[in-house]
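In this note's numbering, the protein residues as written are 153 to 412.
Structure representation (structure tokens):
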């Protein structure tokens, strides 16, 4: 399925699932929307936390079309949205038509689902894709670098990787710095404050079996953790795992980065 076809299905209500493993080889993005008065602080926060919040596009106040997907509409092209008010999750919406404001600034943030396609191409199995699950995500004891009101713990996504393939996975994902890049932790989850891998804070758990190592990447769900921790008055995000899919392929995005 091509990204445009997927976005059309989402708008018609025909696709409401997570996007892990969907539209292989196309860049996917996390979403954070804030009122204009908080936009500069969020941009500064992202700049200070590039592993967790690598921004790949910004839609100015009131704009709904991303330059990465012509004809797109940020209000309708994600399967599920979360709405946070003063740190509380107050709504899970299929679209933003009824809550949209011309004061909203939208940030698209690089997503690890992008480098997953490359890992699969390079014969590194990913259990959550094989099992049709959303990737497991955990709130850590690692603190972000704060900016204005924005502060809180880093969220990571975890994938069990065969021991002999860990270094290969690190090398592949390091080529995607705007999609969280190389892992921020490998091995013992207790060292980053994750006590039980079977109970993720977001997503679905997958078993880490003998001969496998849990590998942790910074995650674009971090803004949701920060919205809760900092009690930001109003923040809209994607629901974890339910991404905005662009029209840019992984290879095209890598080429753009090289040219820059």
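For glycine and all other residues, C-beta sits at the position ideal for the given N, C-alpha and C. Treat the numbers as computed from the prediction; the structure is a model and nothing was measured.
Euclidean distance between Cα positions of residue i and residue j
i	j	result
residue 234	residue 243	6 angstroms
residue 392	residue 261	13 angstroms
residue 282	residue 197	35 angstroms
residue 266	residue 180	6 angstroms
residue 199	residue 206	8 angstroms
residue 302	residue 253	21 angstroms
residue 223	residue 363	46 angstroms
residue 247	residue 158	15 angstroms
residue 154	residue 295	37 angstroms
residue 412	residue 219	Annotation note: pLDDT 37 at residue 412 (below 50); position unreliable, coordinate value reported separately. One C-alpha to the other measures close to 17 angstroms.
residue 350	residue 228	33 angstroms
residue 480	residue 311	The structure shown does not extend to residue 480, since the chain is modelled only from 153 through 412, so no value can be given for it.
residue 221	residue 380	30 angstroms
residue 273	residue 160	27 angstroms
Check whether residue i and residue j have beta carbons under 7 angstroms apart
i	j	result
residue 352	residue 360	no
residue 184	residue 259	yes
residue 269	residue 369	no
residue 271	residue 324	yes
residue 304	residue 186	no
8 angstroms contact criterion, which residue i and residue j should meet: CB distance rounded
i	j	result
residue 395	residue 177	Actually they do not touch by this definition, with Cβ atoms about 14 angstroms apart.
residue 280	residue 397	About 17 angstroms; that fails the 8 angstroms criterion.
residue 170	residue 340	Incorrect: roughly 28 angstroms between the Cβ atoms, too far for contact.
residue 251	residue 188	Not really, about 15 angstroms apart at Cβ, beyond 8 angstroms.
residue 401	residue 344	Their Cβ separation, rounded to whole angstroms, is 32 angstroms, which puts residue 401 and residue 344 out of contact at 8 angstroms.
residue 216	residue 226	5 angstroms
Beta-carbon proximity list for residue i, same chain, < 6 angstroms, skipping 5 on both sides
i	result
residue 371	289, 307, 308, 309
residue 354	289, 373, 392
residue 201	296, 297
residue 337	344, 368
residue 407	none
residue 204	306, 370, 374
Beta-carbon proximity list for residue i, same chain, < 8 angstroms, skipping 5 on both sides
i	result
residue 277	314
residue 326	333, 334
Proximity test, residue i beta-carbon vs the ligand COA heavy atom, cut-off 6 angstroms
i	result
residue 377	Absence of the ligand COA is noted for the structure shown, with no ligands found whatsoever.
Residues near residue i by beta carbon distance below 7 angstroms, same chain, minus five either side
i	result
residue 191	257
Segment contact flag, the region 379-387 with the region 162-174, C-beta cutoff 8 angstroms, min 3 pairs: In this structure the region 379-387 does not touch the region 162-174; the number of beta carbon pairs closer than 8 angstroms is below three.
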